[in-house]
Amino acid sequence: MSLLAKAPPARLAELWEARGAAPGFDWLRAPEVGGMMVRGRAGGTGAAFNLGEMTVTRCALKLSDGRVGHAMVQGRDRRKAEIAALVDAGMQGAEAESLRAELLAVLEAEMAAGKAARAGKAAGTKVDFFTMVRGED
């Protein structure tokens, strides 16, 4: 679900639509946009504090065969939340391996490549500082 939540919406929709027709489903909770309080901790161990709010979209659906899928994604993209919920429900059935290969593995590889590219760009700006010990002989 983390991979789907972090995926670029346009790329997720492109990969989903390349799979063909979506399965039939009924909404348990249609996509709705709301706010969520984000909490943080100073140093990872300090007292929790309210960092701020972020916009999220959530939904829940039930496939025609009874499987249920849920999704919560950052932002206001209702279609992204719908696709994420469909994938969540699909991962509970026979099509899990094809979803993993055709959608999740592709997204994971693209995100890893992007992360490596950013790390390489940052590494190019790295400066190694060293000191020479000056002392008495």
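Per our numbering, the very first residue in the sequence shown carries number 430; after that it's consecutive.
Even glycine gets a Cβ: it sits at the ideal position worked out from N, Cα and C.
Supposed close pair residue i, residue j - CB separation, criterion 8 angstroms
{"i": "A514", "j": "G495", "result": "Contact flag wrong, Cβ pair sits at about 15 angstroms."}
{"i": "L536", "j": "A442", "result": "The Cβ separation is near 12 angstroms, so there is no contact."}
{"i": "G469", "j": "F478", "result": "6 angstroms"}
{"i": "L490", "j": "A518", "result": "7 angstroms"}
{"i": "L457", "j": "V516", "result": "Incorrect: roughly 16 angstroms between the Cβ atoms, too far for contact."}
Under 8 angstroms between C-beta atoms of residue i and residue j
{"i": "L480", "j": "V467", "result": "yes"}
{"i": "A500", "j": "A510", "result": "yes"}
{"i": "L492", "j": "P460", "result": "no"}
Residue i, buried or exposed, once every other Cβ within 10 Å from all chains shown has been counted against 16
{"i": "D557", "result": "exposed"}
{"i": "G464", "result": "exposed"}
{"i": "G543", "result": "exposed"}
The ligand FMN heavy atom lying under 7 angstroms from the CB of residue i
{"i": "G481", "result": "With respect to small molecules bound, the structure shown includes none, and the ligand FMN cannot be examined in it."}
Exercise for the section: Evaluate the contact criterion for the segment 480 to 490 versus the segment 499 to 519: three or more CB pairs, one atom per stretch, below 8 angstroms. Expected result: Touching, per the Cβ criterion.
Problem - Any 3 or more C-beta pairs closer than 8 angstroms across the segment 529 to 541 and the segment 438 to 449 - result: Contact holds between the segment 529 to 541 and the segment 438 to 449, because three or more Cβ pairs, one in each stretch, are under 8 angstroms apart.
Problem - Whole runs of the alpha helix (DSSP H) within the segment 464 to 534, excluding any shorter than 4 residues - result: Counting only runs that start and end inside the segment 464 to 534, the alpha helix (DSSP H) elements of at least 4 residues fall at 507 to 519, 525 to 528.
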